[in-house]
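Enquirer:
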Amino acid sequence: MNDPRPSEHHYTPFVNDAYQTAHKWGMKMSEVQISAPPEQPKPKSNCFMVGGITCLVIFVLLVGLGFWLFKQLSGNSMIKKAFGGAKLVAECQLNMANPSSDQCIYAALERYNTKYGRYPQKLGELYPTFLEKRSVLHCPADPSPKDTISYEYTPPAETAPANTIMVECNRHILIEGQAPLVLKLQKDGQVLKPNYATSGGPVDQPKPGN
Ligand SMILES: [Zn+2]
4 MNDPRPSEHH YTPFVNDAYQ TAHKWGMKMS EVQISAPPEQ PKPKSNCFMV
54 GGITCLVIFV LLVGLGFWLF KQLSGNSMIK KAFGGAKLVA ECQLNMANPS
104 SDQCIYAALE RYNTKYGRYP QKLGELYPTF LEKRSVLHCP ADPSPKDTIS
154 YEYTPPAETA PANTIMVECN RHILIEGQAP LVLKLQKDGQ VLKPNYATSG
204 GPVDQPKPGN
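The sequence shown begins at 4 in the numbering used here and counts up one residue at a time.
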């Protein structure tokens, strides 16, 4: 009844032990099960790995979602237009007054004024003596031919105050069916963008004037 032989579920840790067990009890090697080598304690980094893989999966999913959203949004012509519109406003502003270049309308008007003691009657007079590139006189949002002067210009009197508007651009229709954003260049070189957020988009409330 009491079979002293190891049961078939008996595990011995190593092959050598198994051989000895088989030999001792007249068993075939196949009857003795050899257990796997004792397990090493799992390194701590295993947890990190699992966490890392989970994070990676979430990251990939988020990137995918972001890409999908971007495609959806960039396919939306209104949003596309708003982004493009903000870029054109920025470029137009640099045409009017560019602190890091003398190739802007403001600097050219000043050079003209310095030379003749008055402002020109037309912006076209600035090119080519005071403006190297005629393209500066063309607003990037203006769909008409590139050599068209897009800006409305009112020659200021020599004694006019600093906040006198010299140049205006009304080519920026940011929202379909609404009045265009009008950029205004003051005599002192400041560019005003009424109803336009500093972050680069249209706003409902006008900025408090200063
Ligand atoms: Zn413009």
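Just so you know, even glycine gets a beta-carbon here, dropped at the ideal spot from N, CA and C.
As the structure is a computational prediction, the values presented were derived from the model and not from experiment.
Any contact of the segment 163 to 173 with the segment 185 to 196, i.e. 3+ C-beta pairs under 8 Å?
Expert: The segment 163 to 173 is in contact with the segment 185 to 196.
Enquirer: According to the Cβ coordinates, are Cys107 and Ala144 closer than 8 Å?
Expert: Not a contact, by the Cβ cut-off of 8 Å.
Enquirer: Look at the alpha carbon of Ala3 and the alpha carbon of His175, and state the distance between them as a whole number of angstroms.
Expert: The structure shown does not extend to residue 3, since the chain is modelled only from 4 through 213, so no value can be given for it.
Enquirer: If we ignore side chains and look at the alpha-carbon of each, how far apart do Lys31 and Tyr22 end up?
Expert: Roughly 9 Å separates the two Cα atoms.
Enquirer: Taking Cβ positions, are Pro102 and Tyr115 nearer each other than 8 Å?
Expert: The answer is no: Cβ separation not under 8 Å.
Enquirer: Would you mind giving the Cβ-Cβ distance between His141 and Thr151, rounded to the nearest angstrom? I have them listed as a contact below 8 Å.
Expert: Right, the Cβ-Cβ distance comes to about 6 Å (below 8 Å), so this counts as a contact.
Enquirer: Which residue wins for smallest C-alpha separation from Glu135, given the options Glu155, Leu112, Pro159?
Expert: Taking only the C-alpha atoms, the option nearest Glu135 is Leu112.
Enquirer: Do the CB positions of Gly180 and Tyr109 come within less than 8 Å of each other?
Expert: No, these two residues do not count as a Cβ contact at 8 Å.
Enquirer: Which residues does DSSP list as the beta-bridge partners of Glu171?
Expert: DSSP lists Glu155, Lys187 as partners of Glu171.
Enquirer: Give the DSSP-derived three-state secondary structure of Tyr199 in the structure shown.
Expert: Correct three-state label for Tyr199: strand.
Enquirer: Should Gln208 be labelled buried (16 or more other beta-carbon atoms within 10 Å of its own) or exposed?
Expert: A caution first: Gln208 carries a pLDDT of 44, below 50, which makes its placement in the model unreliable, though a value can still be read off. When all chains shown are included, Gln208 counts as exposed.
Enquirer: What span of residues does the alpha helix (DSSP H) with Glu113 cover, start to end?
Expert: Segment 108 to 119, the alpha helix (DSSP H) holding Glu113.
Enquirer: Within a Cβ cutoff of 8 Å, which residues of the same chain sit near Gly127, ignoring the five residues on either side of it in sequence?
Expert: Correct list, in chain order: Leu140, Ile152.
Enquirer: Would you report the Cα separation of Ala100 and Phe70, rounded to the nearest angstrom?
Expert: Near 37 Å, if we compare the C-alpha coordinates of Phe70 and Ala100.
Enquirer: Give the DSSP bridge partners of Val194, in chain order.
Expert: DSSP, once it has assigned bridges, lists Leu188 as partnering Val194.
Enquirer: Can the beta-carbon of Ala85 be found closer than 8 Å to that of Leu195?
Expert: Contact: no.
Enquirer: Using a Cβ-Cβ cut-off of 7 Å (strictly less than) and excluding sequence neighbours within five positions of Arg121, which residues of its own chain qualify?
Expert: If we look at Arg121 and ignore the five residues flanking it on each side, its Cβ neighbours are Glu161.
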